[in-house]
Amino acid sequence: MAGLVRIPSLKTVADFRNHVASLGIELPCEDQVAAGNASPLAQPISGATINAKRIGNRWAIQPMEGWDGTTTGGATDEVRRRWQRFGESGAKLIYGGEAMAVRPDGRANPNQLVITGQNKKDLAELREILIRAHKERYGSTDDLVIGFQLTHSGRFCKPNDKFRMEPRVAFRHPILDKKFNVTGDGQVWTDSEVEQLIECYVAAAKIAWDVGADFVDIKHCHGYLLHEFLGAHTRPGKYGGSFENRTGILREIVEGIRASGNRIEIGVRFSAFDLIPFKPDPALSQPGKLGPGIPEDFSHCLPYRYGFGVNANNPVEYDLTETFQFADLCAQLGVKILNVSAGSPYYNPHIQRPAAYPPSDGYQPPEDPLVGVARQINVVRQIAERVKSLNRLTVQPEKAGADSTIQRSNDSTGGLILVGSAYSYLQEYLPHVAQYVVRNGWTDMIGLGRMTLAYPTMLADSVEKGVLEKKFICRTFSDCTTAPRNGLISGCYPLDKYYAAKPEFQKLKEIKKSVGA
Ligand SMILES: Cc1cc2nc3c(=O)[nH]c(=O)nc-3n(C[C@H](O)[C@H](O)[C@H](O)COP(=O)(O)O)c2cc1C
Ligand code: SF4
595 MAGLVRIPSL KTVADFRNHV ASLGIELPCE DQVAAGNASP LAQPISGATI NAKRIGNRWA
655 IQPMEGWDGT TTGGATDEVR RRWQRFGESG AKLIYGGEAM AVRPDGRANP NQLVITGQNK
715 KDLAELREIL IRAHKERYGS TDDLVIGFQL THSGRFCKPN DKFRMEPRVA FRHPILDKKF
775 NVTGDGQVWT DSEVEQLIEC YVAAAKIAWD VGADFVDIKH CHGYLLHEFL GAHTRPGKYG
835 GSFENRTGIL REIVEGIRAS GNRIEIGVRF SAFDLIPFKP DPALSQPGKL GPGIPEDFSH
895 CLPYRYGFGV NANNPVEYDL TETFQFADLC AQLGVKILNV SAGSPYYNPH IQRPAAYPPS
955 DGYQPPEDPL VGVARQINVV RQIAERVKSL NRLTVQPEKA GADSTIQRSN DSTGGLILVG
1015 SAYSYLQEYL PHVAQYVVRN GWTDMIGLGR MTLAYPTMLA DSVEKGVLEK KFICRTFSDC
1075 TTAPRNGLIS GCYPLDKYYA AKPEFQKLKE IKKSVGA
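Heads up, the sequence shown is in the working numbering, so the first residue is 595 and it goes up one at a time.
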């Protein structure tokens, strides 16, 4: 984006606020980084427990798919190192370290973890590593909650070869089919295949429980399979059409887990809204320079009945009608943690993962990335208001002093803990915004994705010392996305010395140069 104001150029909170005001968005923040007990981020979640544990603070490590396991879905030293760093982060809610495929053909890459009986030992070891690292640095693990994200990659499957797509989809899509090599109806799941898949989720949840996970997250986001089913308006049969049918897979997975006698807790991560796929503007792209993102032509597919949380008549806008219904459904099903994300990193990355620099298969930002951050924060806020009658957890502003306590804003039953996403682009101002939104009940927890890869202890430093180590702050270079899109392992190449020392570092540099990312 021409003239993008870089966050490091905003030297004070006042500068940040002025810039936010110039964008016309609502993105409040606090003046000071609060340390110790005065920080709303240091407060445990009260009023809801996960596997009889109270989550000990207000930041979470988001699930992040790995590209560095064995080809049979087991752990390697790289995976072990990442889980160790997640443990060291100080976060008291950790989504394992990453998404795990419930069966081998559901992998997004041939080196993704697979949650099968064969890999039980490795998964148990990863959990141990994480817990040990956390214990060494922070003492207690009684308030540390660990979940595994269960997934099938659907349209984005590449289970056998890093460069060969093997998509399996919920329905034929007028724009995405071409991009992801969907050429025939044989790639659409039949209802009986879906039933078998549901059994794989139930079996995976049992393995998760056996190896000590506190919860499983049933991934419904980012265009992966179960997210696609939420938008399967055009699909015939029992898993398509009505809202009830499109959410049938979640209901059946939850019922299956409960019917099997498994007491594991359940979370759901979903894309709360979506937009039409974007592409680089061909008129403004040059060899070696991606153009700014523009929406794909959708004139031939109106009303747009191919997504969830998107306005069918104008799919460059979101529509939260079903988003709210979905949150209600999760509460009714006894889902305990609702993790809110958006869109897809494959077809509209700017709404999912706001960044200053695009991944190699993306486009230059079509808007100031702060607009994307604010969009997600404000949607989570609306969901929080919606579920207030179920169970909301807020810090009372007047009490946020040394003896501050988190109090429930009402006493009704239910119990959805909300995790917000897409904070990393805030960089220096992440703690300032995070404090505000938690203190004011806009979300219960701050989920950290990319920032964790670059600077795992960012919020621990903020809460313990009130200061950050600037050299580790994620600058949203997108290398952690560009690398795997080009068959390399993921990681924070620019800031984590471990990757800078690897041969992949040079390869990535060449790839970025050739595409202009
Ligand atoms: C390398 C990488 C892998 C990711 N893999 C997953 C995943 O497997 N499951 C998921 O729900 N989100 C995944 N995400 C999305 C993040 O969890 C997060 O929502 C996103 O990066 C935006 O948050 P951030 O601004 O803190 O990075 C991934 C993100 C990155 C950068
Ligand atoms: S590569 Fe590092 S700095 Fe770049 S977006 Fe990923 S985590 Fe952030």
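Built from N, CA and C at the ideal position, the CB exists for glycine as well.
Note that the structure is predicted; figures quoted are calculated from it, not measured.
Per DSSP, what are the beta-bridge partners of I644 in this structure?
K647
Compare the beta carbon distance of I740 and I812 with 8 Å and say whether it is the shorter of the two.
no
Cβ pair count under 8 Å reaching 3, the region 709–718 against the region 771–790
no
Check: S1056 C-beta below 7 Å from any heavy atom of ligand 1:
no
Would you call the region 1045–1065 and the region 629–637 touching, i.e. three or more CB-CB distances under 8 Å?
yes
What I want to know is whether the C-beta of D1073 ends up closer than 7 Å to one or more non-hydrogen atoms of ligand 2.
yes
Could you tell me whether any non-hydrogen atom of ligand 2 is closer than 7 Å to the CB of A1048?
yes
Helix or strand or just coil, what does DSSP make of S1015?
coil
Rounded separation between N651 and N933 - CA only:
16 Å
Can you look up S935 in the DSSP assignment and give me helix, strand or coil?
strand
Bridge-paired residues (DSSP) for G887
P874
Say yes only if the C-beta of C1086 is nearer than 7 Å to one or more non-hydrogen atoms of ligand 2, and no if none qualify.
yes
Alpha carbon to alpha carbon, what distance is there between G667 and P698?
8 Å
Between Q880, R863, N645, I655, which lies nearest to M1045 when the distance is taken from Cα to Cα?
I655
Near D962, which residues of its chain fall below 8 Å by C-beta distance, leaving aside the five closest residues on each side in sequence?
M595, L598, V599, L617
So, with DSSP's three-state summary, where would you put R679?
helix
Is D1090 buried or exposed, if buried means 16 or more other CB atoms sit within 10 Å of its CB?
buried
Do you know offhand how far L1047's Cα is from Q790's?
35 Å
With a floor of 3 residues, list each beta strand (DSSP E) that falls wholly inside the region 749–835, ordered by position along the chain.
809–814
Go through the region 1029–1069 residue by residue and report every complete run of the alpha helix (DSSP H) that reaches 4 residues or more, in order.
1044–1048, 1052–1059
Rounded separation between Y1092 and I1083 - CA only:
12 Å
Endpoints, alpha helix (DSSP H) assigned at L720
714–732
Should E846 go down as buried or exposed, given a rule of 16 or more other Cβ atoms within 10 Å for buried?
buried
Name the DSSP bridge partner or partners of W653?
I1040
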